[in-house]
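Student: Take the position in the sequence shown, starting the count at 1, then add 457; the result is the number in this note's numbering.
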Amino acid sequence: MNILILGSGGREHALAWKIAASPLTDKLYCAPGNAGIAQEAECISVDINDHAAVTAFAKEKKIDLVVVGPEAPLCAGIVDDLEAAGVKAFGPTKWAARLEGSKGFTKDLCKANNIPTAAYQRFKGAGTAKEYVRRKGAPIVVKADGLAAGKGVVVAETVQEAEAAIDMLFGGGLGTPAWEIVIEDCLVGEEASFFALCDGETAIPLIAAQDHKRAFDGDKGPNTGGMGAYSPAPVMTAAMSTRVMDDIVRPTVRALAKAGAPYKGVLFAGLMITEQGPQLIEYNVRFGDPECQVLMLRLMSDLVPALVAARDGQLKNFGLRWYPDAALTVVMATNGYPGSYGKGSLIEGLDQAAQVEGVEIFHAGTKTDGKKILANGGRVLNVCARGKTVREAQARAYAAVDRIQWPDGFCRRDIGWQAVERET
Ligand code: AMP
Numbered sequence: 458m459n460i461l462i463l464g465s466g467g468r469e470h471a472l473a474w475k476i477a478a479s480p481l482t483d484k485l486y487c488a489p490g491n492a493g494i495a496q497e498a499e500c501i502s503v504d505i506n507d508h509a510a511v512t513a514f515a516k517e518k519k520i521d522l523v524v525v526g527p528e529a530p531l532c533a534g535i536v537d538d539l540e541a542a543g544v545k546a547f548g549p550t551k552w553a554a555r556l557e558g559s560k561g562f563t564k565d566l567c568k569a570n571n572i573p574t575a576a577y578q579r580f581k582g583a584g585t586a587k588e589y590v591r592r593k594g595a596p597i598v599v600k601a602d603g604l605a606a607g608k609g610v611v612v613a614e615t616v617q618e619a620e621a622a623i624d625m626l627f628g629g630g631l632g633t634p635a636w637e638i639v640i641e642d643c644l645v646g647e648e649a650s651f652f653a654l655c656d657g658e659t660a661i662p663l664i665a666a667q668d669h670k671r672a673f674d675g676d677k678g679p680n681t682g683g684m685g686a687y688s689p690a691p692v693m694t695a696a697m698s699t700r701v702m703d704d705i706v707r708p709t710v711r712a713l714a715k716a717g718a719p720y721k722g723v724l725f726a727g728l729m730i731t732e733q734g735p736q737l738i739e740y741n742v743r744f745g746d747p748e749c750q751v752l753m754l755r756l757m758s759d760l761v762p763a764l765v766a767a768r769d770g771q772l773k774n775f776g777l778r779w780y781p782d783a784a785l786t787v788v789m790a791t792n793g794y795p796g797s798y799g800k801g802s803l804i805e806g807l808d809q810a811a812q813v814e815g816v817e818i819f820h821a822g823t824k825t826d827g828k829k830i831l832a833n834g835g836r837v838l839n840v841c842a843r844g845k846t847v848r849e850a851q852a853r854a855y856a857a858v859d860r861i862q863w864p865d866g867f868c869r870r871d872i873g874w875q876a877v878e879r880e881t
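1) Quick check on Gln-862: does DSSP put it in helix, strand or coil?
2) Beta strand (DSSP E) containing Ile-661: first to last residue?
3) To the nearest angstrom, how far is the alpha carbon of Lys-670 from that of Val-788?
4) Consider the C-beta atom of Met-729 and the heavy atoms of the ligand AMP; say whether any pair is separated by less than 7 Å.
5) Once DSSP output is grouped into helix, strand and coil, what is the label at Thr-482?
6) Give the C-beta separation of Ala-653 and Val-706 to the nearest angstrom, bearing in mind that I take them to be a contact with Cβ-Cβ under 8 Å.
7) Along the alpha helix (DSSP H) that carries Cys-567, what are the first and last residues, could you check?
8) Can you pull the DSSP bridge partners for Phe-547?
9) Assess, as a yes-or-no matter, whether the region 836-853 is touched by the region 693-705 under the definition of 3 or more beta carbon pairs within less than 8 Å.
10) Is Ile-738 a contact residue of the ligand AMP, with contact defined as CB to any heavy atom under 7 Å?
11) Starting from the Cα of Lys-829, find the closest Cα among Ala-529, Leu-803 and Asn-839 and give me that residue.
12) For the alpha helix (DSSP H) that contains Lys-715, what are its first and last residues?
13) Would you check if the distance between the CB atom of Cys-906 and the CB atom of Tyr-577 is smaller than 8 Å?
14) Mind the definition here: the region 780-787 touches the region 799-813 only if three or more C-beta pairs lie below 8 Å; say whether that holds.
15) Cβ of Val-598 within 7 Å of any heavy atom in the ligand AMP?
16) Hey, how far is the Cα of Leu-764 from the Cα of Gly-722?
17) Return helix, strand or coil for Met-729, following the three-state DSSP convention.
18) Any heavy atom of the ligand AMP closer than 7 Å to the beta-carbon of Lys-516?
19) Looking only at DSSP bridge pairs, what is Asn-680 linked to?
20) Indicate whether the contact test is met: 3 or more Cβ pairs, each with one atom in the region 806-815 and one in the region 761-779, closer than 8 Å.
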């Protein structure tokens with residue numbers, strides 16, 4: 458098969474690594490890719506927001522499957538456009554991608570189908586939103602309705618903080634003013650990222666992971682796209698996984714099929730495991746980043762047939778096998794991230810780092826300059842490792858981190874701490 462991956466982050470490098478290893482793959486392309494992905498695939502400079510250009514490339518190169526990494530092209534309908542032109546694509550349609558693109562849509566779907574999630578209301582104006590917040594009290598969570606790259610959620614500890622968040626979102630604090638916000642109760646528990654593969658009718662569970670969103674050790678500092686992740690997630694027992702499939706994922710897939718917009722692709726449920734059981738925080742319509750990196754390290758089966766089966770509606774009798782080992786990834790980011798940061802600093806020692814047993818390094822934001830590897834983004838590297846336990850995977854990942862010379866970068870030193878504490 459000729460396969461085209463869309464995206465340029467660590468998630469796409471992990472997908473490229475796994476897809477390139479498949480005996481089904483003849484030729485692998487990635488648009489636009491990065492310096493690490495270039496070791497697995499031919500990187501091409503097609504703009505992934507230009508659906509006509511992507512479609513033309515896919516036709517010209519006789520691409521058998523397009524795998525869409527990030528949410529923005531999915532929410533913009535790239536799967537609809539590719540499929541309309543006769544190109545097979547893995548991922549949900551524009552309509553189904555509203556599960557990520559509109560928080561209000563998802564909350565209403567949950568309510569209509571008895572899917573456990575925090576109590577909420579939708580607002581189009583600041584006045585009624587503030588009234589609601591004053592009535593409900595804090596802590597309370599304020600969210601912009603649309604895509605906001607992780608920046609549209611404020612967990613407010615006080616009513617004043619919630620009111621400020623309402624003003625910020627409606628006032629254009631994220632660039633453009635929110636046209637609608639969702640305000641919901643604050644859930645208490647441990648978070649987990651749960652993944653399922655869906656073919657429109659059938660959903661099969663993948664595995665779960667836990668990530669660290671805050672920038673600094675001890676889960677402190679500003680929120681980021683994710684500073685590390687590990688799998689298995691100790692809170693996600695087999696019984697919990699069954700409950701999430703039965704109470705959350707399958708009712709969602711059934712509801713979308715019934716509405717005439719079957720969901721195909723990866724469904725990523727952000728969960729809060731509360732004392733009352735799992736509650737849905739949010740859906741994402743693609744693999745998580747950096748969760749995908751640890752999923753790919755633990756996946757024993759070939760990924761390509763699974764993606765094709767999901768696209769073709771053939772998951773009914775499909776099964777995937779996983780390594781029992783743990784996997785963990787440490788994100789290395791440019792100093793300053795998630796605020797402003799420079800680009801172009803030199804990274805050395807990657808080859809020595811990759812020699813540590815069980816280690817795999819995925820690039821998230823790099824570019825080449827001759828033989829040199831330069832940082833080219835906020836999150837730059839994913840230093841990943843497998844091990845018999847999370848503790849072993851963690852030790853291996855940090856042994857590799859310590860071999861990387863990059864004065865302009867930083868990472869957290871405590872990724873996986875909850876799991877390591879439990880193992881102890
Ligand atoms: P989201 O973008 O909806 O995943 O929210 C980002 C983060 O905000 C989540 O990973 C949670 O840590 C937190 N969060 C969102 N909604 C809630 C909620 N209802 N209760 C508690 N924390 C939440």
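Glycine is no exception: its CB is placed at the ideal position from the N, C-alpha and C atoms.
Tutor: On the basis of the data shown:
1) In the structure shown, Gln-862 sits in a strand (DSSP, three-state: E or B).
2) 660-673
3) 11 Å
4) yes
5) coil
6) Ala-653 to Val-706, Cβ: 5 Å. Contact.
7) It spans 560-569 - the alpha helix (DSSP H) in which Cys-567 sits, taken as one unbroken run.
8) Val-524
9) no
10) It does: the Cβ of Ile-738 is within 7 Å (strictly closer) of some heavy atom of the ligand AMP.
11) Ranked by how close their Cα comes to the Cα of Lys-829, the residues Ala-529, Leu-803 and Asn-839 have Leu-803 in first place.
12) Counting along the chain, the unbroken alpha helix (DSSP H) around Lys-715 starts and ends at 707-715.
13) Nothing in the structure corresponds to residue 906, since the chain is present only between 458 and 881.
14) With the cut-off at 8 Å, the region 780-787 and the region 799-813 do not touch.
15) yes
16) 8 Å
17) DSSP places Met-729 in strand when its eight states are reduced to three.
18) no
19) Residue pairing for Asn-680: DSSP places it in a beta bridge opposite Arg-671.
20) no
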